[in-house]
Amino acid sequence: MNTNREIKKQLTKTDFILYRECAKNVWIKWHKPEEYKKFPVSEFEKALGKMGDDVEKLARGMFPDGYLIEKRSEGAQELTQKLIAEHTPVIFQAVFSTDKYLAAADVLKWNEKANAYDVYEIKMSSTEGEDYESITNGTPPKINKKRELQYEYDLSFQTNVAKLCGVNFNKKYLVRLNKKYTRIGELDFSKLFELSDKTEIINDTFLSVTLTEMSSSYEYLSNKETPKGHCSCYFKGRSAHCTTFSLSNPEVPAYSVHDLNKIGLSKKYLGELLNEGILKIDDVPEDDRLKPKPAKKGEAPSKPKKLNQVRVYKTKKPIIDIYSIKAELDSLKYPLYFLDYETYPTAIPPFSGYHPYQHIVFQYSLHILKSKDAELEHKECLILEGDPSEKIVKSLRADIGDTGSIISWYKSFENSRNRELANLIPSQSEFLHSVIDRTYDLMDIVDKQYYVHHDFKGSSSIKKIQPVIAPDFSYKELEVQNGTMAIESYRQITSGELKGKVMEEKRKQMLKYCEYDTKIMYIIWKYFTDLIEQKGDLTDTLGKGPGTHKKA
Ligand code: SF4
């Protein structure tokens with residue numbers, strides 16, 4: 001008897017799709033669940049999961065009088081077979097199970113003409129690419145081919161399992177949100193959701209390929225022996241790694257060559273470093289491979305971000321291009337407005353005028369510095385009832401004067417929201433476009449490499465910059481510590497989940513968090529301003545072109 005084949009687990013659709021992404025990760029999930037659970041689901045993933053559930057429940061509204069099967073038990077499988085035998089018009093979560101496989105179909109709809117069921121798989125993603133911009137500015141949407149193929153395998157998996165249980169599906173559809181839909185009054189299901197007919201793609205050949213993959217994945221996952229060697233992400237940048245990367249690659253330090261700036265886009269270089277046995281940033285040689293590619297004709301040369309990252313890490317001395325920092329900050333005009341939005345990118349548009357996944361701007365924090373020596377002032381707005389857009393913009397209009405610079409961190413986010421708000425409230429379009437024109441991105445100082453610190457670890461995220469520049473100002477003491485927690489707090493309050501004192505407490509925490517974001521921006525700005533002052537008056541040396549800027 002082969003003891004390596006003892007496990008009798010069923011391969012679910014979710015695990016099959018995960019397996020196709022990364023076999024090793026699912027193997028750990030099956031065989032080392034206690035290790036797997038050490039890497040908990042993030043707040044963001046939890047929020048996505050809730051949103052997915054909401055979308056599925058709502059999409060069921062397109063199929064009236066459906067029978068919902070709530071469990072995955074043997075009884076649920078028998079009930080499925082009974083409902084199918086009775087030609088029940090609509091079945092939600094029909095369960096199909098074999099020795100090896102388990103699948104639940106989101107919706108089965110009896111097709112009288114075909115004398116068979118059509119299957120519908122509900123997805124929370126939209127029919128278009130992820131970019132909302134393509135809707136507002138008319139550029140062609142990006143189609144995510146990898147995700148499309150994943151969905152086809154998903155439908156194919158359930159079709160195969162149903163077939164093994166003696167049920168042949170007729171048509172195979174994906175149900176997805178239509179990003180081009182604008183809610184006017186009540187939700188219009190016929191426009192909110194779009195159907196994609198995948199019947200032709202999921203043909204006999206595709207089904208057979210899927211079945212072969214299902215069989216080999218089951219084989220792989222049933223094997224008790226730990227898969228040998230590195231997992232495939234060893235040759236990918238850090239952003240591609242899942243939470244269990246360290247289990248499969250224990251010799252890789254927490255800060256490694258996988259963290260080099262945009263290394264995921266330089267796979268050949270990463271492969272070379274790893275094949276040369278170089279894992280630590282300190283060991284990366286300062287050769288030509290670290291430098292950016294020469295600029296094409298007419299293009300500005302790229303910044304040597306990888307080289308700078310390695311150099312500051314080795315020397316532990318920051319790169320400070322004080323002349324360029326001064327030039328950036330001299331372009332700002334008082335009053336200075338440090339602005340940050342909190343938003344909720346809900347899948348289902350809850351108010352008129354919104355598209356699926358359009359961000360609801362429900363909060364802002366604004367620190368104002370009227371002149372160099374003025375006291376820092378603070379304004380804020382948080383709307384937790386109804387569509388907040390009009391109240392937010394009205395309040396912002398009252399808080400932001402007609403002159404002065406607005407400072408954000410990663411301004412393209414705030415400016416996208418300003419454009420959306422201008423579409424929602426045309427009467428404030430002129431004001432919101434003036435906000436866009438006046439917004440300066442403080443992140444530029446880090447992104448343009450005018451200030452590079454080894455503890456930034458190649459990142460321009462404010463969450464990486466803050467501990468270096470403002471170490472005493474930590475988010476850790478807050479209850480709401482990041483944007484995802486703010487989103488979840490908004491959801492909890494607006495859904496009525498939190499009430500009374502608990503709600504009031506949460507509201508205060510949300511205000512505190514957003515206030516921190518703009519206060520930290522002010523501290524960073526002040527840090528750079530003080531740095532310039534410590535270096536004296538540099539006016540004479542400016543304006544000679546970037547090549548003349550000396551490093552401090
Ligand atoms: S790090 Fe990548 S390859 Fe490794 S287990 Fe995770 S997803 Fe799979």
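Position one of the sequence shown corresponds to residue 1 (this note's numbering), numbered consecutively onward. Backbone N, C-alpha and C define an ideal beta-carbon position, used for all residues, glycine too.
Shortest alpha-carbon distance to residue i belongs to which of the options?
| i | options | result |
| --- | --- | --- |
| Ile202 | Gln509, Asp154, Trp525 | Asp154 |
| Leu247 | Gly271, Leu207, Glu34 | Glu34 |
| Ile281 | Ala300, Lys267, Val312, Glu299 | Val312 |
| Val175 | Gly277, Phe528, Met124, Asn261 | Met124 |
| Lys293 | Asp283, Lys305, Pro285 | Lys305 |
| Glu328 | Ile400, Lys224, Leu382, Thr439 | Thr439 |
| Ile122 | Lys163, Glu78, Leu332, Asp54 | Asp54 |
| His433 | Asp447, Val393, Lys448 | Val393 |
| Lys24 | Leu531, Leu421, Asn249 | Asn249 |
| Ile487 | Met51, Leu221, Asp259, Trp30 | Met51 |
| Ile425 | Trp409, Val361, Met503 | Val361 |
| Gly264 | Ser222, Ser232, Asp283, Asp288 | Ser232 |
| Ala422 | Phe44, Gln81, Ser389 | Ser389 |
| Lys303 | Arg60, Gly458, Glu251, Lys314 | Gly458 |
| Pro253 | Asp399, Asn261, Arg238 | Arg238 |
| Lys46 | Val161, Pro471, Met485, Ile532 | Met485 |
| Thr244 | Pro471, Lys32, Glu477 | Lys32 |
| Ser216 | Leu11, Glu477, Glu504 | Leu11 |
| Tyr234 | Leu195, Gly277, Cys165 | Gly277 |
| Phe16 | Glu515, Thr212, Glu430 | Thr212 |
| Glu479 | Ser495, Lys512, Ser97 | Lys512 |
| Lys172 | Ala105, Met503, His454 | Ala105 |
| Glu21 | Arg147, Thr494, Thr98 | Arg147 |
| Asp65 | Val90, Tyr269, Phe44 | Val90 |
Just to confirm my understanding: we take residue i, look at its own chain, exclude 5 residues before and 5 after, and list those with CB closer than 7 Å. What are they?
| i | result |
| --- | --- |
| Asn170 | Asn111, Ala114, Ala116, Tyr117, Asp118 |
| Leu376 | His367, Leu369, Tyr522 |
| Leu68 | Phe92, Gln93 |
| Lys13 | Ala103, Asp154, Phe157, Gln158 |
| Val310 | Ile281, Val284, Glu286, Leu290 |
| Leu58 | Ile348 |
| His87 | Trp110 |
| Tyr410 | Asp441, Met443 |
At a threshold of 7 Å, does residue i count as lining ligand 1 (C-beta to nearest heavy atom)?
| i | result |
| --- | --- |
| Lys241 | Correcting the residue identity first, residue 241 is His in this sequence and not Lys. Result yes, Cβ under 7 Å from ligand 1. |
| Asn223 | no |
| Thr244 | yes |
| Ser217 | no |
| Lys24 | yes |
| Ser256 | no |
| Cys231 | yes |
| Ser559 | The question about residue 559 has no answer, for the chain in this structure spans 1 to 552. |
Using C-beta distances below 6 Å, list every residue in its chain close to residue i, excluding the 5 sequence neighbours before and after it, in chain order.
| i | result |
| --- | --- |
| Lys317 | none |
| Gly401 | none |
| Phe351 | Asp387 |
| Ile436 | Asn415, Asn418 |
| Lys535 | Ile322 |
| Gly61 | Phe189 |
For residue i, collect the residues of the same chain with a Cβ closer than 8 Å to its Cβ; drop the 5 residues on either side in sequence, then sort them by chain order.
| i | result |
| --- | --- |
| Glu152 | Lys198, Ile201, Ile202, Phe206 |
| Trp525 | Leu329, Leu336, Phe338, Ile407, Leu442 |
| Asp537 | Unreliable placement is indicated for Asp537, whose pLDDT of 47 sits below 50; the coordinate value is still reported in the next sentence. Hits under 8 Å: none found. |
| Pro227 | Ala23, Lys24, Trp27, Tyr220 |
| Phe413 | Tyr341 |
| Val446 | Val452, Phe456, Ser460, Ile465 |
| Thr136 | Because the pLDDT at Thr136 is just 45, under 50, the model does not fix this residue reliably, and the point stays unresolved. |
| Pro301 | Pro292, Pro294, Ala295 |
Given the structure, does residue i come close to ligand 3, in the sense that its CB is under 7 Å from one of the ligand's heavy atoms?
| i | result |
| --- | --- |
| Ile407 | Among the ligands present in this structure, namely ligand 1, ligand 3 is not found. |
Secondary structure, alpha helix (DSSP H): runs of 4+ residues fully inside the segment 186-240: 189-192, 204-222
Segments of 4+ residues assigned as alpha helix (DSSP H) that fall wholly inside the segment 67-100: 74-85
Length at least 4, wholly inside the segment 375-430: the alpha helix (DSSP H) runs in chain order: 389-399, 411-424
Whole alpha helix (DSSP H) elements within the segment 453-516, 4-residue minimum: 462-469, 483-494
Segments assigned alpha helix (DSSP H), at least 4 residues, entirely inside the segment 4-62: 13-21, 23-31, 33-36, 43-59
Every unbroken alpha helix (DSSP H) within the segment 141-189, with a cutoff of 4 residues, ordered by chain: 145-164
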